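Going down the list, the protein sequences come from chains A and B.
Everything in the first sequence is counted per the numbering used here, starting at 17 for the first residue and increasing by one.
Everything in the second sequence is counted per the numbering used here, starting at 26 for the first residue and increasing by one.
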Amino acid sequence: MSIPQDLSYTKEHEWLRVADGVALVGITEFAAEALGDIVFVQLPAVGDKVTAGEVCGEIESTKSVSELYAPVTGEVTEVNEATVDAPELINSDPFDKGWLFRVRADDVPELLDAAAYAALIQEG
Amino acid sequence: MATESPLHEVHRKLGALFTDFAGWNMPVRYSSELAEHKAVREAAGIFDLSHMAEIEVTGKQAADVLDYALVGNLSAVKVGRARYSMLCDATGGILDDLVVYRLEDEKFLVVANAGNAAVVADALAERVAGFDAVVTNRSAEVALIAVQGPRATDIVGAVTDADLPELKYYASVQANVKGPLSEKHSVLLARTGYTGEDGFELYVPAAEAPAVWQILTEAGEPHGLLPAGLACRDTLRLEAGMPLYGNELSVELSPFQAGLGRVVKFEKAGDFVGKAELAKRAETDEARVLVGLKGAGRRAPRHGYQVLNDGAEVGEVTSGALSPTLGYPIAMAYLTPELNEPGTKLSVDIRGKIEPVEVVALPFYKREGIK
């Protein structure tokens, strides 16, 4: 199970790469594996305002539907259309090609580092 | 504490992800459920179904007990053949759907869903009273391994002495599974399944299950056999239009409401549990019909979602998924009967978004060359 050291994490199993006030967001490998084969993803639209901790999209696998939470508050500046066309990218490459959206963050809540996230998933 | 299959260690070594299923800890998938689904459609998959309940009915009146306890005409089943049937309560509500194998003149094997194992065992134990027959629950002693897919005959044929071309659909035979050297395992080999593909189900003594799994896995390797979990079993049966107890079937429904009235055999001799009520319900239960729905895009209608006609609720989805084989969303739903014509345009409320669907004939998927 990969948990890159250079990313930040949320309890909702998202990862973020925050740089210059812009957060790149995806879901973790742990989350992708737990969901199974992802067959549909609904992302926020570019220009949408999202609020940290609130639902901003949806991820469906063959067996389940899961909500996607905004990990930060701000405006969506870019979404990864490739994952909409090929949701399996989220399974095959969750930390790189399977990224979901980019947010210009007004506010970044406290996030977990890799060690804290590893401990979280260890607890189950 | 969930019950473990006799094959648990095998699954663990294969890296299975487990799920609790009716009190059993069973593999939900080994790698990708889509890859496993595809393997069953195009090559073959091997499943552990040891959570299913096996209940034996033996004795002079074994056939009579089953005629009384179930809605089908089991005494008419020939030795070596199997029949799909149902256990109903006195009001005609479905307690479980079952496959019943006639193994000998006076010996039947009733295979029940894991979730209903206790209900079925208790009902049969109660309904046997007064008959010269014995009901024995063999679930703990018996493991069930299924090999399903177009290559299943090649795989099973390579390791058994059974005459597979002679083994018809819904037939069974006592056979040996042969391993390396003189290794030999006596199994009940049945041509049955729940995937819409040709295939076999092997009832195996629990202690021998890991060895039989290993023999089948090795025989399957050149044919692209993959271990397959319960996730793909569900999408496979949905594509094949097969009902699942708890989704399409429940004690709230009679076989008529489930579109399976054909399994109720009023013409058989004697009384059976639920007969009087079922006779009435055969006339009056026309409130809903089970239909197939085809969607667009990738979002699937799911269990419990409302089906709408011009905004008015006309039914409810029982099962749904993005069909791995067909590439579009499919669902089964109960509808008011006047809307069951294929081609009827309806919609489904998918978590607040109204998505168009079209009524289609079941099954969604039928393998080529099916008789």
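Backbone N, C-alpha and C define an ideal beta-carbon position, used for all residues, glycine too.
Treat the numbers as computed from the prediction; the structure is a model and nothing was measured.
- Does any C-beta atom of chain A lie closer than 9 Å to the C-beta of V53/B? yes
- Item | Cα-Cα separation, V136/B to L351/B | 30 Å
- Note down, in chain order, every chain A residue with its Cβ under 8 Å from the Cβ of S57/B. G52, D53 and N107
- Grab me the residues of V159/B's own chain with a C-beta within less than 6 Å of its C-beta, minus the 5 sequence neighbours each way, in chain order. T83 and G84
- Would you call the segment 268 to 287 of chain B and the segment 312 to 332 of chain B in contact, with 3 or more CB pairs under 8 Å? yes
- Consult DSSP for Q21/A and reduce its assignment to one of helix, strand or coil. coil
- Can you give me the Cβ contacts of D53/A inside the same chain, cut-off strictly under 8 Å, excluding the 5 residues immediately before and after it? S77, T78, E104 and N107
- Item | For F46/A, the nearest candidate out of A61/A, L59/A, A86/A and K27/A (CA to CA) | K27/A
- Query: Residues of chain A with a CB under 9 Å from the CB of P349/B: which are they?
  - Reply: D53, V55 and T78
- Query: The alpha helix (DSSP H) spanning P252/B covers which residue range?
  - Reply: Element bounds for P252/B: not the alpha helix (DSSP H) but the beta strand (DSSP E), L250 to P252.
- Would you say the segment 145 to 160 of chain B touches the segment 192 to 202 of chain B, given that touching needs at least three Cβ pairs under 8 Å? no
- Message: Using only the alpha-carbon positions, how far apart do N201/B and C257/B sit?
- Response: 28 Å
- Query: How would you list, in chain order, the residues of chain A whose beta-carbon sits under 7 Å from the beta-carbon of A256/B?
  - Reply: G52, T78 and K79
- Query: Between the segment 112 to 123 of chain A and the segment 95 to 102 of chain A, are three or more C-beta pairs nearer than 8 Å?
  - Reply: yes
- Item | Between the CA atoms of A231/B and N50/B - distance to the nearest angstrom | 16 Å
- Mind pulling the chain A residues with CB within less than 9 Å of A346/B? V55, T78 and K79
- Contact the segment 307 to 317 of chain B vs the segment 350 to 364 of chain B: 3+ CB pairs below 8 Å: yes
- Message: Suppose the cutoff is 6 Å on Cβ atoms and the five residues either side in sequence are ignored; what does the same chain contact list for K396/B look like?
- Response: Because K396/B sits at a pLDDT of 46, beneath the cut-off of 50, its placement in the model cannot be relied upon, and the point is left open.
- For D259/B and chain A, any beta-carbon pair shorter than 9 Å? yes
- Message: Looking at the strands, I want to know which residues DSSP matches up with I240/B.
- Response: DSSP lists no partner for I240/B.
- Query: In three-state terms, what does DSSP make of F46/A?
  - Reply: helix
- Sequence-distant residues of the same chain with beta carbon closer than 6 Å to R66/B, five excluded per side: T350
- Item | Under 9 Å by beta carbon: chain A residues contacting R37/B | Chain A residues near R37/B: none, gap ~16 Å exceeds 9 Å.
- N-terminal and C-terminal residue of the beta strand (DSSP E) that R33/A is part of: E30 to A35
- Just mark E94/A as buried or exposed, buried being the case when its beta carbon has 16 or more other beta carbons within 10 Å. exposed
- Message: If you follow the beta strand (DSSP E) that R108/B is in, where does it begin and where does it stop?
- Response: A107 to C113
- Query: Under a three-way DSSP split, which group does R258/B fall into?
  - Reply: helix
- Task: Give me whichever residues DSSP pairs with S56/B in a beta bridge.
- Result: Answer is none; S56/B lacks a bridge partner.
- Between the segment 335 to 344 of chain B and the segment 287 to 306 of chain B, do at least 3 Cβ pairs fall closer than 8 Å? no
- Message: Please tell me whether L269/B has its Cβ less than 9 Å away from any Cβ of chain A.
- Response: no
- How many Å lie between D92/B and N98/B at the Cα? 6 Å
- Sorted by chain position, which residues of the same chain lie with C-beta nearer than 6 Å to K391/B's C-beta, five sequence neighbours on each side aside? none
- Item | E341/B - DSSP class collapsed to helix/strand/coil | strand
- Message: Mapping the DSSP letters down to three states, classify S24/B as helix, strand or coil.
- Response: No information on residue 24/B is available, as it lies outside the stretch 26 to 396 that chain B covers here.
- Task: Buried or exposed for S18/A, please, with buried defined as at least 16 other CB atoms from any protein chain shown within 10 angstroms of its CB.
- Result: exposed
- Candidates L32/A, G37/A and E30/A, of which the one nearest A121/A by Cα: G37/A
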